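Below is one structure; the comments refer to it alone.
Protein chains in written order, with the working numbering: chain A, 1287 to 1373; chain B, 42 to 766.
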């Protein structure tokens, strides 16, 4: 089994995507919680923002991150010819 | 069914489960009609529990199998959507279902660590583990460690860590099953535990992963229906909006206004509150004085005598109660219980009194704002109250103290979130589920569905907590003891640890500081608070049972598989026949289940702490070795061994040194981090161990590097095959 440049590029792009999504996860989790007191000063529709992030906002971001990763990677498999056959 | 293609199979499953959901709803409606016709709640409770367990048993028996791949990984053809539901049920335990909203009710913002931690971990599962483990495609997590790092040592450490983390967790689940069964049927707790055990075994015993998967899907459907109905109803009742997750903003504002009023002694409600708080304060002082006399006795070496005297006092009181002209049976029973559970050592007595003092202290203080994050300890407020003309320097000092306390809270919050997330991505019973999808592609999509289904419950829980608070602050506080709402009267009669109201200042009205609520109450009582018939309470119990059973099933299977597959088949007898492997697995399942049920029936204390500890342990032991195994080709056997041992070791040492259950003291804490978040130290130790150990020894063999390439690409030409049949 010999890896081609194309394979290496696939892995590099996977790492980039993983890194970006991990950064989003980090901000939504740790930065948002770290500054929860400051964010709570902003109130939207009855919700202090810091509280809202912990209760719901970050959760929505997690779901979207995973959805995007699955969609993007499944497409990239096809582009680089490393996808699996049907079933 | 074997002749079906994957898409036909998927269509068939959708048909089955749609039909099943319809059938379940019809069953609930029939029970509702029976209730109207006068069937008693107890009978309804039995019907609910019996019918749902029979249903799970039916699915379990239909899915019985003698095929190894079916038994360990459900034949690897579980579609993403259904694997998502099964993971959801596998993941959400009795604590999530029943306890989460109550924790949020009590802790406000600080409780959100659990909401974020138990969902955000799936991002790590999706990005770092699920697709790669699926491509690897064997049966257990130690399998991966064994293949990637070679030799039996990494596998063995993996087995041990998997068993420790899962066993603690499964005991908590069986405990939950016992509580629910005993509460809704009136059985003894111990009987409830073993009845629940039967329910767990019928699902997993005959069909392994295959049976567990299809029952978990069924259990997810029941638990999500059971969670949503009462919350939506309550939301409509309180806000007129049927979407609780949006509507509770309005309720939160109203709660915030009320909190201010209750903390303001110049308002009518606030003045009454202050009165009761003063009474709590007096109680706190009383307990603290008692502790001081105890300490003094211990210091002079008469601790044992003191303990005997205190015990004798309870005995005298009991005798007096019994000798009264009209003996009060309830009081006598309570005293007898006191005497039976009387602390055996002066230390235990002190701990008991300390708890009472802390309880009074919590009630003596102002209510904390629900949405406020990391509040300080109120040093500035106290200073200004005690000394309104305090100088600028004193104020600045008090402020700094508050700031410091708040920052410690924040750091603990962040540490706990990290441990829960990484722990989520390391618990073998969850990772194992991604072996069951047909492809890498489906595994990725399946993590999305998993989190989506978990998200439905977790983003509703904060709404429920606020709606319940709204209800209690607005409708219960200030109402009269003479006309308690029915749900308050009912639940305080059932179990005083769940709901207790005492008129401390004898004004005939309820003050907030006079209400004691157990965390489980919020979910259990919501149907009644919302004014729904009893049948919905039964439904909630069935949902809680489904949550506990499904998690227990997944965990038991993980433990039994680690022993039968990793230890027996891979290490002891690699030539064992299929029949033999499965019978060993089933026998072990039975043994582990009985052991876990026995442990649960002893009612071990601190079960919640131990569950939290399981996350830290799993995170420290597994995460570095698993992730670096995929993302760093250079990682090798020595690295894995050192890393896993270092992670586990640091984590266990920290818990041992800082948690009082193991005789540790808080003074040993590093950076004031609580023992539950020990993983925050174990995790870096684990990573460091893998990296150092690997760099100190030669790079892994070419075959191992090929294995890494193999798991990185869903499909490669001329690829090796690692998938176990």
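We put the beta carbon where it would ideally sit given N, CA and C, even for glycine.
Computed from a prediction, not measured in an experiment: that's the story for all the values here.
For this session: Could you tell me which uninterrupted alpha helix (DSSP H) segments, each at least 4 residues in length, are contained entirely in the stretch 656-710 of chain B, listed from first to last along the chain?
Result: If only uninterrupted alpha helix (DSSP H) runs of at least 4 residues are considered, those enclosed by the stretch 656-710 of chain B are 678-699.
Problem set entry | Residue-chain proximity (residue 1327(A), chain B), Cβ-Cβ < 8 Å | Chain B contact via Cβ: absent.
For this session: Enumerate in chain order the residues of its own chain whose CB-to-CB distance from residue 111(B) is below 8 Å, with the five nearest sequence positions on each side excluded.
Result: The beta carbon of residue 111(B) sits closer than 8 Å to those of 248, 249, 250, 251, all from its chain and outside the five residues before and after it, given in chain order.
Exercise. Can you name, in chain order, every residue of its own chain whose Cβ lies under 6 Å from the Cβ of residue 713(B), other than the five neighbours on each side?
Worked result: Excluding sequence neighbours, residue 713(B) sits near 449.
Problem set entry | Near-chain B residues of the stretch 1307-1334 of chain A (beta-carbon distance less than 7 Å), N- to C-terminal order | Near chain B, meaning a CB-to-CB distance below 7 Å, the residues of the stretch 1307-1334 of chain A are 1307, 1308, 1311, 1315, 1316, 1319, 1320, 1322, 1323, 1326, 1331, 1332, 1333, 1334.
For this session: Provide the residue span of the beta strand (DSSP E) that contains residue 784(B), from first to last.
Result: The structure shown does not extend to residue 784(B), since chain B is modelled only from 42 through 766, so no value can be given for it.
Problem set entry | Check whether residue 469(B) and residue 256(B) have beta carbons under 8 Å apart | No, they are not a contact pair.
Exercise. Are the Cβ atoms of residue 244(B) and residue 97(B) separated by less than 8 Å?
Worked result: Contact: yes.
Exercise. CB-CB under 6 Å to residue 106(B), same chain, minus the five flanking residues each way: which ones, in chain order?
Worked result: Once the five neighbours on either side are set aside, the close Cβ partners of residue 106(B) are 112, 248, 251.
For this session: Would you mind sorting residue 1313(A) into buried or exposed? The rule is 16 or more other CB atoms within 10 Å of its CB.
Result: Classification for residue 1313(A): exposed.
Exercise. With contact counted as at least three CB pairs below 8 Å, one residue from each stretch, are the stretch 447-464 of chain B and the stretch 83-97 of chain B in contact?
Worked result: Using a C-beta cut-off of 8 Å, the stretch 447-464 of chain B makes no contact with the stretch 83-97 of chain B, since fewer than three inter-stretch Cβ pairs fall below that distance.
Exercise. In this structure, does DSSP put residue 1359(A) in helix, strand or coil?
Worked result: DSSP places residue 1359(A) in helix when its eight states are reduced to three.
Exercise. Going along the chain, which residues of its own chain have a beta-carbon closer than 8 Å to the beta-carbon of residue 61(B), five neighbours each way excluded?
Worked result: Around residue 61(B): 259, 262.
Problem set entry | For residue 347(B) and residue 387(B), believed in contact at Cβ under 8 Å, the rounded distance | So it is a contact: roughly 7 Å between Cβ atoms.
For this session: Please determine if the stretch 624-638 of chain B and the stretch 119-136 of chain B are in contact, where contact requires at least 3 C-beta pairs separated by less than 8 Å.
Result: A contact between stretches requires three or more CB pairs, one per stretch, nearer than 8 Å, and the stretch 624-638 of chain B fails this requirement with the stretch 119-136 of chain B.
Exercise. Ends of the alpha helix (DSSP H) at residue 253(B)?
Worked result: Here the alpha helix (DSSP H) through residue 253(B) covers 249-280.
For this session: Examine chain A for any beta-carbon lying closer than 8 Å to the beta-carbon of residue 750(B), and answer yes or no.
Result: Yes, its Cβ sits closer than 8 Å to a Cβ of chain A.
Problem set entry | Other residues of its chain near residue 372(B): CB distance less than 7 Å, five sequence neighbours each side excluded | Same-chain partners within the cutoff: 362.
Exercise. In three-state DSSP terms, what is residue 332(B)?
Worked result: Note: residue 332(B) maps to helix in three-state DSSP.
For this session: Could you name the residues of the same chain whose beta carbon sits closer than 8 Å to that of residue 705(B), not counting the 5 residues immediately before and after it, in chain order?
Result: Leaving aside the five residues that flank residue 705(B) on each side, the residues in its chain whose CB is nearer than 8 Å to its CB run, in chain order, 696, 697, 698, 699, 716.
For this session: Please list, in chain order, all residues of the same chain as residue 676(B) whose beta carbon is under 7 Å from its beta carbon, the five residues on each side excluded.
Result: 669, 670, 731, 735.
Exercise. Would a check of beta-carbon distances place residue 110(B) closer than 8 Å to chain A?
Worked result: No, no contact with chain A.
Exercise. If you compare alpha carbons, which of 722(B), 597(B), 708(B), 480(B) is closest to residue 755(B)?
Worked result: Looking only at 722(B), 597(B), 708(B), 480(B), the smallest Cα-Cα distance to residue 755(B) is reached by 480(B).
For this session: With DSSP as the reference, please indicate the residues paired to residue 612(B) in a beta bridge.
Result: According to DSSP, residue 612(B) bridges with nothing at all.
Exercise. What in chain B is Cβ-close to residue 1291(A), meaning under 7 Å?
Worked result: Those do not exist, as residue 1291(A) stays about 14 Å from chain B at its closest Cβ, beyond 7 Å.
For this session: Quick one: grab the DSSP three-state call for residue 521(B).
Result: Strand, per DSSP.
Exercise. Under the three-state reduction of DSSP, which class applies to residue 573(B): helix, strand or coil?
Worked result: Correct three-state label for residue 573(B): coil.
For this session: State the start and end residues of the unbroken beta strand (DSSP E) segment that holds residue 541(B).
Result: Boundaries of the beta strand (DSSP E) harbouring residue 541(B): 540-542, taken from the DSSP string.
Problem set entry | Cβ pair residue 721(B), residue 271(B) closer than 8 Å | Not in contact: residue 721(B) and residue 271(B) (Cβ atoms no closer than 8 Å).
Problem set entry | Of the listed residues 534(B), 512(B), 495(B), 552(B), nearest to residue 568(B) (C-alpha basis) | The shortest C-alpha to C-alpha distance from residue 568(B) to any of 534(B), 512(B), 495(B), 552(B) is the one to 512(B).
Exercise. Helix, strand or coil: how does DSSP classify residue 1329(A) here?
Worked result: Shown here, residue 1329(A) sits in a strand according to DSSP, grouped into three states.
Problem set entry | Which of helix, strand or coil DSSP assigns to residue 550(B) | DSSP places residue 550(B) in strand when its eight states are reduced to three.
Exercise. Can you tell me the Cα-Cα spacing of residue 433(B) and residue 319(B), whole angstroms?
Worked result: Rounded to the nearest angstrom, the two C-alpha atoms are 29 Å apart.
Exercise. What number of angstroms, rounded off, separates the C-alpha of residue 329(B) from the C-alpha of residue 345(B)?
Worked result: Here the alpha carbons of residue 345(B) and residue 329(B) stand approximately 19 Å from one another.
Problem set entry | Where the alpha helix (DSSP H) containing residue 198(B) begins and where it ends | It spans 193-226 - the alpha helix (DSSP H) in which residue 198(B) sits, taken as one unbroken run.
For this session: Consult DSSP for residue 600(B) and reduce its assignment to one of helix, strand or coil.
Result: Correct three-state label for residue 600(B): helix.
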